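Reviewing the structure listed below.
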Amino acid sequence: MRRSQPPAAAPGEAVEAARTAAERAGVVVREVEAPGDLRRACRLLAEIWGADEGRILSPELARALSHAGGYLAVAESRAGGSLEAVLTGFLGASGGELYLHSHVLGVRAPLRRRGIGLALKQHQRAWALARSLRLIAWTFDPLVARNAYFNVARLGGEIVRYYVDFYGPMTDAINRGDESDRVLLAWRLDAGPPADPAGEAACPVTVLAVGSDGGPERRAAVPAGAFACHVPPDVDALRAARPELAARWRAEVRAVLGGALAEGRRVAGVTRDGRYLLTPPPAGA
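Letter by letter, the sequence shown follows residues 0 to 284 of numbering that gives the first Met the number 0.
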């Protein structure tokens, strides 16, 4: 295994942010390239997603990704060296700009509130800046409230597009039986810290809320001004216990959030309890 602190060529602020995040999470973040280490990483991803080994990422593809200069890093416990999380990415291009597409981030479920994901993303940020990249982008499921809060409120990423059934049918234990809608997030690495969400005061209208049965409840029509759109507090548990409610959430969030993004509205913030705060549409839209 190749041990790597955040790349020394990255700006000092990014290196220090990555180092601090890793120390707080109690992990060492390392790039990996040896076949044995790549197999361990692929095995962990399969365990996290409840998929057959190699289904999320195969060792052969991981080896090619690493060899070609892509990003493949793991987080290991400082105490015992156990493998706790994996993050991968590869180069993309959009509008003449090269960027890093962050493909998959997996953290063992019992460890998800320890800051390990933040440690990996900060390491990835330093890695990208050291290679003169200014943008990292990735997709995520808009129904997963914890990811939405982390990506928008903690990192300061901007949701720029809604994709309907992005991957098509998926067979892993987390996504099986649901349509694979995703939103595209753009994380500008040279931007300042994320602003605080506008809050309920700036979004007096709640269009979609959590109903008494745990399903989606339309509270109002989409207004001309700002509004809030809830997602379920734990869609993974809902898919397992009440898949019909999860399917209703998918359809409603697709209509409300997807429709808002399609007309040019922006996500101004995401609250910890799973509310997307949407701006009015741009003038003339």
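Every residue gets a Cβ at the ideal spot worked out from N, C-alpha and C, and that includes glycine. Since we're looking at a predicted model, the values are computed, not measured.
Check, Outcome
"Starting from G116, trace the beta strand (DSSP E) in both directions and tell me its first and last residue.", "Where G116 is concerned, there is no enclosing beta strand (DSSP E), although the alpha helix (DSSP H) it sits in stretches over I115 to A129."
"Do the CB positions of A50 and T138 come within less than 9 Å of each other?", "no"
"What's the gap between the Cα of A172 and the Cα of G283?", "44 Å"
"Would you mind stating whether L37 and P10 have Cβ atoms separated by less than 9 Å?", "no"
"Exposed or buried, what is T19 when buried is set at 16 or more other beta-carbons lying within 10 Å of its beta-carbon?", "exposed"
"If you run the structure through DSSP and keep just helix, strand and coil, what is L110?", "helix"
"When DSSP labels each residue in this structure, what does V31 get in the three-state scheme?", "coil"
"Judging by CA-CA distance, which residue of V255, V28 and G53 is the nearest neighbour of L117?", "V28"
"With DSSP as the reference, label G69 as helix, strand or coil.", "coil"
"What residues match up with P215 in a beta bridge as DSSP calls it?", "V209"
"Evaluate R112 with the Cβ neighbour count: other Cβ atoms within 10 Å of its Cβ, from every protein chain shown; 16 or more gives buried, anything less gives exposed.", "exposed"
"DSSP three-state label for Y148, please.", "helix"
"Which same chain residues, not among the five before or five after A261, have their C-beta less than 8 Å away from its C-beta?", "Y161"
"Which residue marks the beginning of the alpha helix (DSSP H) containing T19, and which one marks its end?", "G11 to A24"
"Please confirm if the region 80-89 is in contact with the region 99-108, defined as three or more CB-CB distances below 8 Å between the two stretches.", "yes"
"Helix, strand or coil, according to DSSP, for S3 in the structure here?", "Interpretation of S3 is limited by its pLDDT of 45, a score under 50 that renders its predicted location unreliable; the figure taken from the coordinates is listed afterwards. Coil at S3, not helix or strand."
"Is the separation between the beta-carbon of H100 and that of A125 shorter than 9 Å?", "no"
"What do you get for V163, buried or exposed, if any count of 16 or more other CB atoms within 10 angstroms of its CB means buried?", "exposed"
"So, is V159 buried or exposed, given that buried needs 16 or more other C-beta atoms within 10 angstroms?", "exposed"
"Do three or more CB pairs link the region 219-237 to the region 264-283 at distances below 8 Å?", "yes"
"Bridge partners for A227 per DSSP, in chain order?", "T205 and L276"
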